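Below is one structure, written out as structure tokens; comments come after it.
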Amino acid sequence: MEVLRATIYPMLVMGGLAIFFAIGLGIAAKVFYVYVDPKVKEVEGLLPGANCGGCGYAGCADCAAAIVAGEAPVTACVASSEDVFVAIGEVLGKTVEVKEKEIAMIMCRGTADKAKRKFQYMGIEDCRAALLAGGGDKECQYGCLGLGTCVKNCPFDALSMGEDGLPKVDKDKCTGCGTCTRVCPRGIPKLVPVSLKIAVICSSHDTPPVVKKICEVGCQGCGLCKKACPEKAITIVDSLSVVDPSKCTLCGKCFEKCPTGAIQQLLPA
Amino acid sequence: MAQKKSWLKEFTKGLWDEIPPFRFVLGLCPTLACSTAVTDGFGMGLCLTFVVTGANIFISFLRKIIPDEVRIACFIVIIATFVIIVELATQAYFYPLYLSLGIFIPLIVVNCIVLGRAEAFASKNSISLSIADGLGMGLGFTMSLTTLAIFREVLGKGSFAGHFIMWQGFEPFALLQKPPGAFFCLGLMLGIMNLFGKK
Amino acid sequence: MKEEGFIVSVGPHVQGKESITSIMLGFIIALIPAVIASVYYFRIKAIEVILISVISAVIIEAGLQKIMKREVTVLTDYHAILTGLIFGLILPANIPWWAIIIGVFTGLLVGKHVFGGLGSNPFNPALVGWASLKLGYMSHMDISGSILGVIRIEGIGALAEDYSYFSEGYGIESWGSLGGKIKLLIHTLLGWKPLPGEELVGCVGQICALAIIIGAVYLFWKKYISWHIPVGFLGGVLIFSILFYKGEKEFLYPYILIQLLSGGTLIAAFFVATDPITTPVTGAGMLVFGAMAGMITMIGRLWGSWIDPVWFAILVGNALTPLIDKIVKPKPFGRVKSA
Amino acid sequence: MRDILRLVVVLTGICVVCSFSLAIVKKGTEERIEYQKIKFIKAPALKAVLPEHDNDPILERVKVKIAPEKVITVFPAKKGGKLMAIAYETAGDGYGGRIEIMLAINVDGSIAGVKVMKCSETPGVGLKIVTEPWFCDQFKKFTVKDKFILGENVQGISGATISSTGTTKAIGEAVKWFDEIMKELG
Amino acid sequence: MKRSMKGGVYLEESKVESTIEDLPVPQRLVIPLKQHKGPPCKSLLKKGKGVKIGDEIGKSEDEFSAPIYATVSGKVAGLPKRFPDIRGGIAPAVEIESDGKEEWSISSSPQEPLQQSPEALMKAIQQMGLVDFGIDAIPLSAKLGLAQSKHVSAVIINGVDLEPGVAVRYKLVTEKKQELINGIKLIKKILNVNTAYLAIEVKNTTAQEQLPGLVSGVAELAVLDSKFPQGLDIFLVKAIMGKEAPSPNGVPEDVGVCVLGADTVIALWDALKDMKPVIDQVITVYGAVNKPKNLRVRIGTPLKDVLSHCGVNGNIAKVIVGGPMMGLAQYSLEIPVTKEITAIYVQRQSDLATISDQKCINCGWCVKVCPMGLLPNVIASFCQVDMFEEAESYNLSYCIECGCCAYVCPAKIPLVHWIKYGKSQIKREEQ
Amino acid sequence: MAVQEAWTFSDYIMLVVSAVLINNILLIRFLGNCPFLGVSKRMDTAIGMAVAVVFVLSCSGPLTWLVQRFLLEPFKVAYIQTLAFILVIACFVQLVETVIKKVSPPLYRSLGIFLPLITTNCAIFGACILNIREKYDFLQSLIFSFASALGFGLALVIFAGIRERFPFARIPKNFQDTSIGLITAGLIGMSFFAFAGLAK
Ligand SMILES: Cc1cc2nc3c(=O)[nH]c(=O)nc-3n(C[C@H](O)[C@H](O)[C@H](O)COP(=O)(O)O)c2cc1C
Ligand SMILES: Cc1cc2nc3c(=O)[nH]c(=O)nc-3n(C[C@H](O)[C@H](O)[C@H](O)COP(=O)(O)O)c2cc1C
Ligand SMILES: Cc1cc2nc3c(=O)[nH]c(=O)nc-3n(C[C@H](O)[C@H](O)[C@H](O)COP(=O)(O)O)c2cc1C
Ligand SMILES: Cc1cc2nc3c(=O)[nH]c(=O)nc-3n(C[C@H](O)[C@H](O)[C@H](O)CO)c2cc1C
Ligand code: SF4
Ligand code: SF4
Ligand code: SF4
Ligand code: SF4
Ligand code: FES
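Encoded structure:
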């Protein structure tokens, strides 16, 4: 009897508690039912979690919700690669078109010895803050200030400050998230397709005499390249030369003519 | 996504890559409380290993029939059963350990590692992998706890597993035996661990 | 006019003279009287304790700065010296040398460097070191034999019982008379010299109240400290010691005097509770901080286990500082009500 | 409804199975646990307070009901089968919590020994009731008929009035149970 | 009895005591087409054309812009589109080669301003291109218009120079007493108020001796502490009338007061009494110059001419327009004196303020001196880690960038720079 | 086994002082570290968590006391205490969560997210067990539960205050987050030794 009681009682107690709570929970779950889409969590798990904000949403979780809700495309995350998009697509049952990967490129060649300075800047080591003192110390109002705000803000450690005072992109690490483009007060880093073969590495919209005076390597917008190009791939927009890569055949005529070397071949022909 | 998981990999990840509580920051309470002496730390580690492994086996076994609404409740019941078994066993066979671990034996039930493994691993994986995971995590935890306990016992009491081992005239730094000392040691060890390997 | 061009920066273009280094130096200078007094009372022991503390603070600070990959600044700014000096002054004179080193190391590592060095630490490193020793080597940190340690509520009873001790030893005939009161004041200000055959016990820098007050006057004169924290702290101690005084009326005066002028009270009020890094930034906040630290000190002295919990009390204040700063904020100029 | 039923069945099922297995484990370990408890907590104290004996007081322990709500465990010490003394526990309030005491009394009613088993008094102050043997030993001069008054016939530890009072009071109360126990033991 | 403010700092900079002296007109002047808060004026000239003093050379429809007049007779030598301005930006300007004849295009026509109607006066003020002198340079017409629309009940004439050491108003209030008093009367009439205060510094003992008799009946004399930034209008209003203009960006008009600089009021009288535009600006030149001076300078005179007149001292490192606290450092001495400039402060290398990236030590000195009652250390710390929302929750936008906090900071943290940075980033994020 | 004397008012005060300051459940008893480190990044979440813990513990402490007194003890099955308590707590928390989620979404957003964390919070379970081990009666266990939770909340809020300054502190990378959190907890615990001896 004693033995029986010792085994039955615990079972009774626990069974009773369990029935009580299970019924309670079951009813509560029914009465207070709220739907949460489990896909959101799943998608969030696939995103890189860097919360870089490149997608335009307040962090990865927000972006995941938007993707699931259909407000954002599956490829919304700028920091993820193809396989992530495919995986997200799997979760949502969508097929994915993959666009070409982009990486950042520093659109200025005005190193310390080539581009003139207006004055000596003294203050916070940050390009955005430097603009507040005399509008930036570089004569060129479009050029890189070289204080490395982009370097400090790259969430993937893909940028470093070169000895020449211009940032350098590590092509393997860069995910094309665009943070640098956004933080740079002068928009010097630009996102370009990895397969870009030719570009004008300068951001100055100053007129030829001005550029000539202040920077040895800037694009003056003189139009010599435009004249030299047999394919008509080059236009001058607001004193800055622009190459249409789809027309360019890398014949090399423009490089020969450019007085400052602003136009550059990026990949072997 | 569906990569092949190997038994060995699941086992060894708990010993370094995801060693709790350093890389996998859960289960701090027993780590802090049960590291005043090497025997306590080691004993606690083994108790936990038993519970995680046991719970992992059963949860993995039952994972298909447990309804979602009471998932956590069921897991906890299973875990609690193993905890009570440990509680009774230590009382019967390792009474001094039972005394010094105090309420931290029943507290294994809420140890975030155990439930964490149940939730994150056992409820999604096969039994054999769950065993590997449980053993790995448990032994990793035992290792961490013992290391911390060695530090705290040797400097804080001058002894190792109860035997005085320091030089004549050594006076132990009793702070390490006290709660603040526990926090400091664990915090510093974590910081040093972060220097090695990925975070 | 200059080849590289002018310098352009954001204003203001002029600057006050004080720097962190100059303030540190000021604090060190202000502690010199206390150091001299400690050497007068404890002779070689005081020199030992203070030297070991300061030297080990400088060396350990340099080492930790190096390990943490920070600029090694121990020789250019004086904060390691200040930390070491304050730490030395709040230690008992008969503490072993290795304990000082352990205390300095714990204080600097756990109290400061893991937080990121000067300015980042939420707790005063010297006090963290002190508390580590207090909890780690309780027997070496015992000051219960000192007269200045006799500040617990029972202590005043002991004073009364040992009436003859005071009258014979120090010439204080009665507690009530004016002469007795003045003598008592002078003794508590200058410190109690041990009677023949007795050994002086106590903390190195806390014996002579006058020396600390001289240093404090210097700090006030240089405007390195504002009145808020000392007033809050001493006010808290004073109010509590009057409010909760339970003894006979005759002993109220010596009781208050001892609460205010002995033990760590004065060093705490002027030198440690005023540490800028770990205390609130607004005047009102400082007042609240001081008062809380003072009251917790007295609560501990009246009902707690420690003979003098003043350093623990300040650590509690340090812990509460961010909250105080969050709650006690000045009203911005022109803030429109009900915005 | 089906959902709820499933939920109830699974949870209850698991609970019942678990408690059943626990009941079995418990049954298997019960004996040993009780023995262990006494062995580790009480054996050293028993050894210290009881006079020479040749039996195992722990094995021969008996439970005695001394009040409707109060059952205590008594450890008899025998030599050659003859009851020499008994030992049992008492407790009093100290400065830092309960003070647990093992008290041994010879069959003639004289106190055979007193030992503090567990307390959390302050080292250097109240802990002197443990570290200074004379304090506990002084009770040996009394019998169960005596009154224990601190400061009169019992000398307290100076500066630890609370601890001393607690101990003394606890012993004073416990000796009153002696007659009752002897009656039970026969 | 001196009135004072909460917060602020006392600087050792002593006043330049010399009487105001005329600076010879240089060969070549540059007259920027933006010398006011609003957008630049449009040029009305062609290169090579002759001009006379008082010719209108720039015009704008904007309420916050004021017409620009030629300040010298001669020939238009250039019309640069992108001339550097004192804020580091660029604005169009007109370069005039002086012919040394100093001919006016309009003849002097003495008026009786006090007899005219307020409407006529407002129109004249608009026409004369008057601005409230100082870095903000709000056109006087806009400022008085605002005061009228808010029905202010008092005016404060500010004889306190904002920046330590500057002595423009300090000298003008005694050197041009009569003009000042007439100007005050005029303002009272325009704004239709009876209460007027004339604020002067406690340091200005001459004014305290000479003025009381003269101003009685016109304005009440208020003596203020020589403390920075007591000269800012919101703090004058608080010290004199006890009213706080609502922040951020509050103006005294919000609490029914109009504050005008004494120099502005004097210029107003001078302009209206002959209906002639303002062509001179009184400035203090001090700091690391051989002969610190108070000068009356033709608007458009490049800084280099001003500085060489005062004898710059060898190797100068920094040239600041405005004063040491809120002034703007310049990189070019080609920049001309405009209505925005009241002082030029020059520094040597050894005078420069240092900055460091030391961690704030929470000393609270900045809190003690902040006249706006802010926690500059917390705000700047948040800005340092780009937590601008949190910085704003500590009232970042209330900061008037007076610089007191950075002045006292023993850690030499460039607090104002961080604060400006925070504000600029918030503005950028909003766009 | 002396008969327990009736508690006076000051005994209750001591109980509170002890649970909040001296034997702080988090800093001295080491219970509840995971949520302590997890939700102290911002003051508002810390306060949310503190409130949630106070609420849940104040309910589940007495609840488990009742289970012990009226279920486990009468049936002589005290050894399954762990099982019974954790079931009760887990189900109670889940119940609360489900209800709040539906009834008050704003409250759920501020408190609800902490509730799952609470189930596995050692502090809750530990305090419930301590109630029994310390042999508290119903009122005492109610007060102890509440005061323990208050102690947890106090430590959490103090820590959150300190932690809000961490962005400005130049903490070495490897010490960030958990590591520095633990050290800070140790320092706060150390400072609380100021109150040693105020209650038994
Ligand atoms: C860094 C350092 C730490 C030390 N720590 C201790 C200690 O924890 N306990 C101790 O008794 N002695 C310690 N010592 C001191 C020596 O080991 C010494 O042997 C001890 O003080 C015994 O000396 P004594 O016999 O002169 O007292 C330490 C010494 C150094 C340099
Ligand atoms: C740190 C500290 C520890 C104490 N520990 C004890 C103790 O363990 N036992 C005790 O009875 N009193 C203890 N006390 C209390 C005091 O000694 C108290 O004055 C004494 O109990 C009152 O007794 P009295 O009547 O002899 O003065 C302690 C006091 C302090 C400050
Ligand atoms: C904040 C505060 C804390 C207190 N803490 C204690 C305490 O820990 N112990 C104590 O005996 N009295 C404490 N008291 C004082 C008691 O309320 C009461 O005055 C005192 O216990 C009466 O002492 P007695 O009964 O021994 O004469 C405290 C008072 C305050 C204001
Ligand atoms: C300006 C300044 C003043 C200081 N004053 C004190 C002080 O009064 N008391 C103190 O203990 N520490 C003081 N410190 C030092 C500081 O608390 C501690 O030593 C540093 O945080 C680490 O060395 C001061 C630090 C600075 C920067
Ligand atoms: S690219 Fe832009 S952000 Fe980067 S260093 Fe140059 S100016 Fe600064
Ligand atoms: S370099 Fe620019 S685009 Fe590339 S990862 Fe860094 S921030 Fe993103
Ligand atoms: S600059 Fe801004 S924050 Fe600094 S003192 Fe002036 S108003 Fe205050
Ligand atoms: S004055 Fe400088 S160091 Fe002091 S609190 Fe302000 S910012 Fe920090
Ligand atoms: S182990 Fe205690 S809360 Fe996680």
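Residue numbers (the UniProt record's numbering), protein chains in the order written: chain A, 1 to 269; chain B, 1 to 199; chain C, 1 to 339; chain D, 1 to 186; chain E, 1 to 431; chain F, 1 to 200.
We put the beta carbon where it would ideally sit given N, CA and C, even for glycine.
Predicted, not measured: the structure shown is a model, and the values here were computed from it.
What does residue i touch in chain D if you count any residue whose Cβ is under 7 Å from its own?
| i | result |
| --- | --- |
| residue 38 of chain A | Ordered by position in chain D, no residue passes the 7 Å Cβ test against residue 38 of chain A, which lies about 17 Å from the chain. |
| residue 81 of chain B | 18, 21 and 22 |
Secondary structure at residue i, three-state DSSP: helix, strand or coil?
| i | result |
| --- | --- |
| residue 104 of chain E | strand |
| residue 212 of chain A | helix |
| residue 73 of chain C | coil |
| residue 49 of chain B | helix |
| residue 194 of chain B | helix |
| residue 22 of chain C | helix |
| residue 34 of chain F | helix |
Measuring straight from C-alpha to C-alpha, what distance separates residue i and residue j?
| i | j | result |
| --- | --- | --- |
| residue 167 of chain F | residue 182 of chain C | 53 Å |
| residue 234 of chain E | residue 423 of chain E | 21 Å |
| residue 73 of chain D | residue 93 of chain D | 20 Å |
| residue 237 of chain C | residue 317 of chain C | 14 Å |
| residue 16 of chain E | residue 277 of chain C | 40 Å |
| residue 24 of chain D | residue 74 of chain B | 21 Å |
| residue 290 of chain C | residue 189 of chain A | 52 Å |
| residue 149 of chain C | residue 268 of chain C | Confidence in residue 149 of chain C is poor, its pLDDT being 47 and thus under 50, which makes the residue's placement too unreliable to answer from. |
| residue 1 of chain F | residue 193 of chain F | Legend: pLDDT at residue 1 of chain F = 33, less than 50; position of this residue unreliable, value from coordinates given subsequently. Spanning the two alpha carbons is a distance of roughly 32 Å. |
| residue 8 of chain D | residue 94 of chain F | 15 Å |
Could you tell me how far apart the beta carbons of residue i and residue j are, in whole angstroms, since I believe they sit closer than 8 Å?
| i | j | result |
| --- | --- | --- |
| residue 36 of chain B | residue 153 of chain B | 7 Å |
| residue 139 of chain E | residue 65 of chain E | 7 Å |
Taking 8 Å as the threshold (beta carbon to beta carbon), is residue i in contact with chain E?
| i | result |
| --- | --- |
| residue 156 of chain A | no |
What residues of chain B sit near residue i, judged by a beta carbon separation below 7 Å?
| i | result |
| --- | --- |
| residue 140 of chain D | Within chain B, no residue comes near residue 140 of chain D; the closest Cβ sits about 30 Å away, beyond 7 Å. |
With 8 Å as the threshold, decide whether the Cβ of residue i is near any Cβ in chain A.
| i | result |
| --- | --- |
| residue 122 of chain F | no |
| residue 5 of chain C | yes |
With 8 Å set as the bound, which would you pick, yes or no: does the beta-carbon of residue i sit closer than that to a beta-carbon of chain F?
| i | result |
| --- | --- |
| residue 384 of chain E | yes |
By the criterion of Cβ-Cβ separation under 7 Å, what are the contact partners of residue i in chain F?
| i | result |
| --- | --- |
| residue 478 of chain E | It is not possible to answer for residue 478 of chain E, since the shown part of chain E is limited to 1 through 431. |
| residue 56 of chain B | What residue 56 of chain B touches in chain F: nothing, since even the nearest Cβ is about 16 Å away. |
What residues from chain A crowd round residue i, counting only those whose CB sits closer than 8 Å?
| i | result |
| --- | --- |
| residue 9 of chain C | 121, 122, 123 and 133 |
Would you mind telling me which residues of chain C sit closer than 8 Å to residue i, beta carbon to beta carbon, in chain order?
| i | result |
| --- | --- |
| residue 191 of chain B | 114 |
For chain D, find out if any of its Cβ atoms is closer than 8 Å to the Cβ of residue i; answer yes or no.
| i | result |
| --- | --- |
| residue 105 of chain A | no |
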